[in-house]
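Have a look at the structure below before the remarks.
2 protein chains.
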Amino acid sequence: MDAFSSSEEKIFKAAIDLFCENGFDGTKMQAIADKAGISKASLHYYFRSKDRLFKKVVQNLLSMLITNVTGEIKEDTCIEELLQKLISGYFDMFRKFRKQTFFVFAELVKHQKLLADIIQGIDKIAVIQEILLRLQKEREKGTIIAIAPEDLIINIIAMCIYPLMAEPMIKLIMSMSDNEFEQLLNRRKQVVTDFTLRAILVRS
Amino acid sequence: MDAFSSSEEKIFKAAIDLFCENGFDGTKMQAIADKAGISKASLHYYFRSKDRLFKKVVQNLLSMLITNVTGEIKEDTCIEELLQKLISGYFDMFRKFRKQTFFVFAELVKHQKLLADIIQGIDKIAVIQEILLRLQKEREKGTIIAIAPEDLIINIIAMCIYPLMAEPMIKLIMSMSDNEFEQLLNRRKQVVTDFTLRAILVRS
DNA sequence: GTCTATATGGCGATAGAC
DNA sequence: GTCTATCGCCATATAGAC
Chain A
1 MDAFSSSEEK
11 IFKAAIDLFC
21 ENGFDGTKMQ
31 AIADKAGISK
41 ASLHYYFRSK
51 DRLFKKVVQN
61 LLSMLITNVT
71 GEIKEDTCIE
81 ELLQKLISGY
91 FDMFRKFRKQ
101 TFFVFAELVK
111 HQKLLADIIQ
121 GIDKIAVIQE
131 ILLRLQKERE
141 KGTIIAIAPE
151 DLIINIIAMC
161 IYPLMAEPMI
171 KLIMSMSDNE
181 FEQLLNRRKQ
191 VVTDFTLRAI
201 LVRS
Chain B
1001 MDAFSSSEEK
1011 IFKAAIDLFC
1021 ENGFDGTKMQ
1031 AIADKAGISK
1041 ASLHYYFRSK
1051 DRLFKKVVQN
1061 LLSMLITNVT
1071 GEIKEDTCIE
1081 ELLQKLISGY
1091 FDMFRKFRKQ
1101 TFFVFAELVK
1111 HQKLLADIIQ
1121 GIDKIAVIQE
1131 ILLRLQKERE
1141 KGTIIAIAPE
1151 DLIINIIAMC
1161 IYPLMAEPMI
1171 KLIMSMSDNE
1181 FEQLLNRRKQ
1191 VVTDFTLRAI
1201 LVRS
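In the order they appear, the protein sequences are chains A and B.
Reading the first sequence from the start, the letters are residues 1 to 204 in the numbering used here.
Reading the second sequence from the start, the letters are residues 1001 to 1204 in the numbering used here.
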C-alpha cells in the first residue's frame, strides 16, 4: 500500500476495519465511505465493486499475517530458545491483530472458492517451511521426541490463538471475570512454552 | 425442541443450517423458508423477526455444545484415561459439529451485547467445574505438574479445535493436500493425548 | 396456520455535472 | 477525482384472503 495518505489508502484502511468488525455481508459500502470521509461514488471509482475491494482486503491481511511470523530465528539458536521465540512471536502477533486474524480465518472458511484467487501474490510461506525443516533436524538429532513437525507447529499455534479467538466462550464456560481472563492471557506465553518444552524435549 | 416434525421445527432446523453456513447477514429469510418448504409469511408467524429467530438458534447451539461435553467421567478413572476420554470426546464433538462450533464462536464475538440475553436458559456448565476440580485434586496428589486447571483445559480444547477451524489456513501455509490433511485429523486424538500426557504427568 | 400480494426501506452500482 | 442524484434490485416485514 502507498505510504502517503491518499483517498485510496483512506478507503482501504476503513474497509479493513469494517470488514474485520462486521464481515462481508455486515459491511455496507456507505459505511466505508463515511469512515473514509469520502462519497460512495469515489469508492467505486477506486475499487470497481464491493467484491474486488473485499478480495484485496483479505489478500492484504493474509499476506500480512503470514509474513509477520518471520521473527529473527538464526541457525545457531538452541531448540529451547527457538520455541520460546516462536511462541512469543506468534502470540504477540495474534494478540495485536486479533480481529484481523479471526476475520481471515472466518472468510477463508466461508469463501473457499475465492481462495485460489487470493493466494496469488502471496509467496512468502518459505518461513514456515524453514521452521518445519529445523524441527525435523532436531528430531533426527534426538533432542526432541518423535513428533511430526506439522503436528507440533499446529499444537503451538493452536494454544496461542485459541484463547484469543474464544474469549467470550471461555469466560462463559469457566465463569471467569474480565480480570481473571486478562491474567490468563498475560501468563499465556510462559504457560505454552513450558507445556510445549515438557512435552517434546527428550530427557535423560 | 419438539420431537415431532412440525413446521416450527422444520423452520428451526433450516435456520440452523443456513445461519451456520452463511452467518446472520448472509442468510435470507426467503432461503430459510425455501429450505423449510413453507412460505416466508409462515416464518414470521412462528418467529416474529429475523433477530428473534437468530437469537434462538445461537442459544440452542451454544446450549448443545456445552452440554455435549459431558461424557461418562467417573470418580475412579485414572488421570490418563480421564484425559484420553476428555480429548476424544471434545474432538469428536467438534468434528461432528464443526460448522456449528465455528458459527457460535464467531457470533459470540460479533454480538457480544446479546450474550447476556443468550446465556439465560443455559445452566449446565457444572460439568466443566467438575473437571476443573478433579484436575485440581490430581495436582494436589502430585500425579500432575503444577499447572492451573484452566490453562490445561484451554490447551486441550485449543489443540482439538484449532485444526478443524483453520483447515484452509493450515493447508495453505503448510502446502498440504486434502489427503495429507485428512490423515492429520485422523491421528489428531492420539497426538494431542500423547502431547498432553507427556507435558503434565509427573515422572519419577 | 398457511398462503399471495404488497408496503417500505436499504443496498450496490452508475450517470453525469463540475 | 469527487460529488449529487438516481436506477434497479432485493430484503424484511405486514395485510388480508382462505
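We put the beta carbon where it would ideally sit given N, CA and C, even for glycine.
Could you check whether I119 of chain A and L61 of chain A sit closer than 8 Å to each other, using their CB atoms as the reference points? Here residue 61 of chain A corresponds to residue number 61 of the first sequence, with the count starting at 1. Here residue 119 of chain A corresponds to residue number 119 of the first sequence, with the count starting at 1. Their beta carbons are not under 8 Å apart, which means L61 of chain A does not touch I119 of chain A by this criterion.
A158 of chain A CB to nearest heavy atom of the ligand MG below 7 Å | With respect to the ligand MG, the structure shown offers nothing to examine, as it has no ligands at all.
message = Run through the DSSP bridge pairs and tell me what I144 of chain A is partnered with.
response = Residue 144 of chain A sits at position 144 when you count from the first residue of the first sequence. A:L201.
Exercise. Hey, does M64 of chain A have any beta-carbon neighbour from chain B nearer than 8 Å?
Worked result: As a working mapping, residue 64 of chain A is identified with position 64 in the first sequence. No, because no Cβ of chain B sits closer than 8 Å to the Cβ of M64 of chain A.
Secondary structure at H1044 of chain B, three-state DSSP: helix, strand or coil?
Residue numbering aside, residue 1044 of chain B sits at position 44 when the second sequence is read from its first letter. Helix, per DSSP.
Of the residues A:K50, A:N186, A:S39, which one's Cα is nearest the Cα of L164 of chain A? In the first sequence, the residue the question calls residue 164 of chain A occupies position 164. Cα-wise, what sits closest to L164 of chain A is A:N186.
Item to complete: Measure from the alpha carbon of K85 of chain A to the alpha carbon of each residue in A:Q190, A:I200, A:L201, then state which is nearest.
Response: On the first sequence, residue 85 of chain A is found 85 positions in, with the first residue counted as 1. It is A:Q190.
Nearest chain A C-beta to M1093 of chain B closer than 8 Å, yes or no?
The residue you call residue 1093 of chain B lines up with position 93 of the second sequence. Chain A contact via Cβ: absent.
Next on the checklist: Any beta carbon of chain B sitting closer than 8 Å to that of G23 of chain A?
Outcome noted: Indexing the first sequence from 1 puts residue 23 of chain A at position 23. Judged by the 8 Å Cβ criterion, G23 of chain A is in contact with chain B.
Any idea what DSSP makes of N1022 of chain B, helix, strand or coil?
-> Here residue 1022 of chain B refers to the residue found at position 22 when the second sequence is read from its first residue. Here N1022 of chain B sits in helix by DSSP.
- Message: Could you compute how far the alpha carbon of Y1162 of chain B sits from the alpha carbon of L132 of chain A?
- Response: Looking up residue 1162 of chain B in the second sequence gives position 162. Looking up residue 132 of chain A in the first sequence gives position 132. Distance between the alpha carbons of Y1162 of chain B and L132 of chain A: 19 Å.
*Give a yes or no on whether the minimum CB-CB distance between C162 of chain A and chain B is below 8 Å.*
Looking up residue 162 of chain A in the first sequence gives position 162. First, the amino acid is wrong: residue 162 of chain A is Tyr here, not Cys. Yes, Y162 of chain A lies at the interface with chain B (some Cβ there is under 8 Å from its Cβ).
Span separating the alpha-carbon of A1003 of chain B from that of K1013 of chain B: Residue mapping note: residue 1003 of chain B aligns to position 3 of the second sequence, counting from 1. Residue mapping note: residue 1013 of chain B aligns to position 13 of the second sequence, counting from 1. No answer about A1003 of chain B holds up, because its pLDDT of 47 lies below 50 and its placement is not dependable.
### Query
Looking only at its own chain, which residues have a Cβ that is under 7 Å from the Cβ of I1158 of chain B, when we skip the five neighbours before and after it?
Numbered from 1 along the second sequence, position 158 holds the residue referred to as residue 1158 of chain B. Looking at the sequence shown, residue 1158 of chain B is not Ile but Ala. Excluding residues within five positions, none has a Cβ falling inside 7 Å.
message: Using 8 Å as the threshold, is the C-beta distance between F205 of chain A and M1176 of chain B below it?
response: Since the first residue shown for chain A is 1 and the last is 204, residue 205 of chain A is missing from the structure and cannot be characterised.
- [ ] Could you confirm whether any beta carbon from chain A is found closer than 8 Å to the beta carbon of I1128 of chain B?
- [x] Taking the second sequence and counting its residues from 1, one reaches residue 1128 of chain B at position 128. Answer yes: the Cβ-Cβ gap between I1128 of chain B and chain A drops below 8 Å somewhere.
Exercise for review: Return the chain-ordered list of same chain residues with a C-beta closer than 8 Å to the C-beta of M1001 of chain B, the five sequence neighbours on each side being excluded.
Suggested key: Counting from one through the second sequence, the residue named residue 1001 of chain B turns up at place 1. Here the model assigns M1001 of chain B a pLDDT of 47, short of 50, so the residue's position is not dependable, and the following value carries that caveat. Around M1001 of chain B: E1009, F1012, N1060.
- In chain A, which residues lie with their C-beta within 9 Å of the C-beta of M1159 of chain B? In the second sequence, counting from the first residue as 1, residue 1159 of chain B sits at position 159. I154, N155, A158, M159, Y162, listed in chain order.
| field | Contact list for E182 of chain A against chain B, beta-carbon separation under 9 Å | value | Taking the first sequence and counting its residues from 1, the one referred to as residue 182 of chain A is at position 182. Chain B residues near E182 of chain A: none, gap ~13 Å exceeds 9 Å.
*Residues of chain B with a CB under 8 Å from the CB of M169 of chain A: which are they?*
Here residue 169 of chain A refers to the residue found at position 169 when the first sequence is read from its first residue. The contacting residues are V1104, F1105, L1108.
Own chain, CB closer than 7 Å to N1068 of chain B, minus 5 neighbours either side, in chain order: Position 68 of the second sequence holds residue 1068 of chain B. The answer, listed in chain order, is M1093.
Distance CB(I1079 of chain B)-CB(E1167 of chain B) smaller than 8 Å: Position 79 of the second sequence holds residue 1079 of chain B. Position 167 of the second sequence holds residue 1167 of chain B. Not in contact: I1079 of chain B and E1167 of chain B (Cβ atoms no closer than 8 Å).
*Interface residues of chain B facing R198 of chain A [CB-CB closer than 9 Å]*: The residue given as residue 198 of chain A occupies position 198 in the first sequence. Correct list: I1145, R1198, A1199, I1200.
Taking the beta carbon of Y1090 of chain B as the centre, do at least 16 other beta carbons fall within 10 Å, making it buried, or is it exposed? Taking the second sequence and counting its residues from 1, the one referred to as residue 1090 of chain B is at position 90. Buried: at least 16 other Cβ atoms inside 10 Å.
task = Measure the CB-CB distance between S1088 of chain B and Y1046 of chain B and report whether it falls below 8 Å.
result = For the purposes of this step, residue 1088 of chain B is identified with residue 88 of the second sequence, where counting begins at 1. For the purposes of this step, residue 1046 of chain B is identified with residue 46 of the second sequence, where counting begins at 1. Not closer than 8 Å, so no.
Exercise for the section: Could you tell me whether the Cβ atoms of K40 of chain A and L18 of chain A are closer together than 8 Å? Expected result: Reading the first sequence from its first residue, position 40 is the one you call residue 40 of chain A. Reading the first sequence from its first residue, position 18 is the one you call residue 18 of chain A. Not a contact, by the Cβ cut-off of 8 Å.
Report the rounded CA-to-CA distance for L1197 of chain B versus A33 of chain A, giving the unit in angstroms.
Your numbering for residue 1197 of chain B matches position 197 in the second sequence. Your numbering for residue 33 of chain A matches position 33 in the first sequence. Each residue's Cα considered, the two are about 53 Å apart.
ask   = For C78 of chain A, which three-state DSSP category applies?
value = Residue numbering aside, residue 78 of chain A sits at position 78 when the first sequence is read from its first letter. Three-state result, C78 of chain A: coil.
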